[in-house]
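Contents: one structure, followed by commentary.
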Amino acid sequence: MLLASFQPGERAFGHFLGLLDLRTLSLQNYVVAFRRAGLADALVTSGLQLLLLIPAGLFVNSAAAYAFARLEFIGRDALFACVIAFIILPVEVLAVPLLLCARDLRLTGGYFSSLAGLTLPFVAKAFNVYLLRQHFLLLPRELEDAAAIDGAGVWTRYVRIALPLVKPGLVTVALLDLLTHWSDFLWPLLISTRHDTRTVQLGLANLFTQPPLDWGAIMACSVLATAPVLVLFRWFARYLVPTDARIGLR
Amino acid sequence: MSGRHRDAWPALGLMLPGCVLLALFVGWPLARTLLSSVRSVDLLSPEGGPWLGLQQYSDLFADPRFLRALYNSAVFCALVVPAQTSLALLLALWVNRRERAYRHLRFVFLAPTLVAMPVLSVIWCGLYQPATGSEMGLINAVLVTLGLAPHAWLSESAIALPAIALMSIWQGVGLQTLVFLGGLQTLPREMFEAAELDGASAWQRVRYLTVPMLRNSIVFVVTVTTILACRLFVQPYLMTHGGPDDRTLSIVQWIYESTFVDHDLGRASAAGLVLLSLVTCIALVQRRLLPEEVA
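Those protein sequence lines, which keep their order, are chains A and B.
Quick note on numbering: the first sequence equals residues 200 to 449 in this note's numbering.
Quick note on numbering: the second sequence equals residues 6 to 300 in this note's numbering.
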């Protein structure tokens, strides 16, 4: 894909060896991709979407997960059963009703409301609440009990003791959100009707569907739709390493 | 220590943002879906038409195309879930080491997961391309070089769905490996050192220490893989359009078609709820078979 992105379109498929021909390398495909797919706007939109969604999601979901894992309150099990049921709901099933709801909440139209429409519905995620609860359940209860005896309230125990200990879980959740929403296609297609709030995947799809079909530009766009995630993943992976080095399997 | 009322206020505070958002963006659309599944609703006039009751559901199960989609999704689950879960566990055990080389290897397995599914579907279309001279896809080119018969992978009815399943396992296994790695990293290393000193073999350590202690992760991975497999959509949509002869038509694709092609929101909602209840049953059975251990 990387090789094909630097070659004229007609060489993208067919002979794989043709991709290694150094004489025809050029940046032309990238220029075309930026112009035809509106990639500059698309990269900003996708970036902002993830920047808003991931930190908010980490806070909201881990807070709820901690309450489910550690606190006793009336209706907890019933509420958690609801959350489990929500995990299963495929986005595709709810997409159209969700779009009608988002319209009622005025989450379409303007630039910022479109951005909110891309982000807000997916901040709280039953799936992530469940995953983080599993991580909280694995922590030894004694640490928090000791803190409670020393007078630490629920908030202190959650922020100071439990959260730092589930860092691998938090990184996993952040990565899952990153992957899901970077590559999400159906929801951005429905909600972002403006040119300047298209995501990268929508830009790519535009290249596919609008003639003329230019495989070189498609490959260039695919590279740009892939590279940021790879870079971000390496960045996140650093946070996995220290824990890994301490308690890895030998 | 645990009065049921003592924790109520802090719990409310911690859960409020999550619950409000979930109610707004999952609960409310779900309620709308439930309502439209018992009525005749057109996509373009979502206010809803006449009341149909359960008629919608009996029509659904009389539709051979929907039954075909149901069967395809079941076959896809049966192909993907066991293969992907065991492969992910093996890979996680293999790469969960401290040496630098393994960290790079981990990244290699994850790479396909990091690339968006629409992009991968198009590229695998290229790989699976049938044998037509210079346009031959890479997989067939390799097969022919090895002296084996080439196949039209995506248009032969017997192998189209397994071909998509293979590509999906390759794409998804990295993510499940990541979840297993997250679980492996919370295990106490001392126990494994003690077992090793006592002469437990690598297999014994995996069988009697890792697998039981990873139970939560395993339940999680099996459940999630099943759910994701039931949501199959992008791959057949882009690679085969549900063909040949609806052999790769998935439930979600059926729902998508009745929503956006037939504009029949009511019928689509009913099918969505059938899918939902199916997956719920599978998840419940799995949780019963593999009871969750609460620390």
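For every residue, glycine included, the Cβ atom is placed at its ideal position computed from N, Cα and C.
Quiz item: Do LEU401 (chain A) and PRO387 (chain A) have their C-beta atoms within less than 7 Å of each other?
Solution: yes
Quiz item: How long is the line joining the alpha carbons of GLU104 (chain B) and SER245 (chain A), rounded to whole angstroms?
Solution: 35 Å
Quiz item: Is it the case that the Cβ atoms of GLY23 (chain B) and ALA263 (chain A) are separated by a distance below 7 Å?
Solution: yes
Self-check item: Expected contact under 8 Å - CB spacing of ALA361 (chain A) and TYR265 (chain A) to nearest Å
Solution: 6 Å
Quiz prompt | Residues of the segment 291-318 of chain A with Cβ closer than 7 Å to any Cβ of chain B, in chain order | solution = GLU291, VAL292, LEU293, VAL295, PRO296, LEU297, LEU299, CYS300
Quiz item: Does the segment 224-233 of chain B come close enough to the segment 176-184 of chain B to have 3 or more Cβ pairs within less than 8 Å?
Solution: yes
Self-check item: Residues that ASN145 (chain B) contacts on chain A, provided the C-beta gap is smaller than 9 Å
Solution: The contacting residues do not exist; ASN145 (chain B) stays about 12 Å from chain A at best.
Quiz item: Below 8 Å, can you find three or more Cβ-Cβ pairs linking the segment 29-37 of chain B to the segment 314-328 of chain A?
Solution: yes
Quiz item: Touch check for the segment 418-430 of chain A and the segment 113-122 of chain B: three-plus C-beta pairs under 8 Å?
Solution: Contact holds between the segment 418-430 of chain A and the segment 113-122 of chain B, because three or more Cβ pairs, one in each stretch, are under 8 Å apart.
Quiz item: What's the call for HIS334 (chain A), buried or exposed, on a 16-neighbour Cβ count within 10 Å?
Solution: Around the CB of HIS334 (chain A), 16 or more other CB atoms lie within 10 Å, so the residue is classed as buried.
Practice problem: May I have a chain-ordered list of the alpha helix (DSSP H) segments no shorter than 4 residues that lie completely inside the segment 267-329 of chain A? | Solution: 275-287, 290-303, 310-318
Exercise. Please decide whether LEU271 (chain A) counts as near chain B, where near means a Cβ-Cβ distance under 7 Å.
Key: For clarity, residue 271 (chain A) is Glu in the given sequence; the question names Leu instead. With 7 Å as the cut-off, GLU271 (chain A) counts as an interface residue toward chain B.
Quiz prompt | Buried versus exposed, by CB contacts within 10 Å (16 or more), LEU226 (chain A) | solution = exposed
Quiz item: Sorted by chain position, which residues of the same chain lie with C-beta nearer than 7 Å to TRP354 (chain A)'s C-beta, five sequence neighbours on each side aside?
Solution: Correct list: empty, nothing qualifies.
Quiz item: Are the CB atoms of ALA345 (chain A) and ARG356 (chain A) nearer to each other than 7 Å?
Solution: no
Quiz item: Of all the options A:ILE417, A:ALA404, A:ARG397, which has the alpha carbon lying nearest to the alpha carbon of GLY308 (chain A)?
Solution: A:ARG397
Practice problem: Drop a sphere of 10 angstroms on the beta-carbon of ASP443 (chain A), count the other beta-carbons inside from all chains shown, and report buried for 16 or more, exposed for fewer. | Solution: Annotation note: pLDDT 38 at ASP443 (chain A) (below 50); position unreliable, coordinate value reported separately. So ASP443 (chain A) ends up on the buried side.
Quiz item: Quick one: does ASP12 (chain B) have its CB under 7 Å from some CB of chain A?
Solution: yes
Self-check item: CB contact below 7 Å: ILE446 (chain A) versus chain B
Solution: Caution is warranted here: a pLDDT of 36 is assigned to ILE446 (chain A), below 50, making its placement in the model unreliable, and the coordinate value is therefore given only provisionally. At least one chain B Cβ lies under 7 Å of ILE446 (chain A).
Quiz prompt | Residue from B:CYS82, B:PRO241, B:TYR133, B:VAL239 whose Cα sits closest to the Cα of LEU283 (chain B) | solution = With distances taken between Cα atoms, LEU283 (chain B) lies closest to B:CYS82.
Practice problem: Report yes if the C-beta distance between GLY277 (chain B) and SER45 (chain B) is below 7 Å; otherwise report no. | Solution: No, these two residues do not count as a Cβ contact at 7 Å.
Quiz item: Within 7 Å (strictly less), CB to CB, does THR355 (chain A) reach chain B?
Solution: no
Quiz item: Taking all protein chains shown into account, do 16 or more other C-beta atoms lie within 10 angstroms of the C-beta of THR302 (chain B), making it buried, or fewer, making it exposed?
Solution: An answer regarding residue 302 (chain B) cannot be provided, because it is not within the stretch 6 to 300 covered by chain B.
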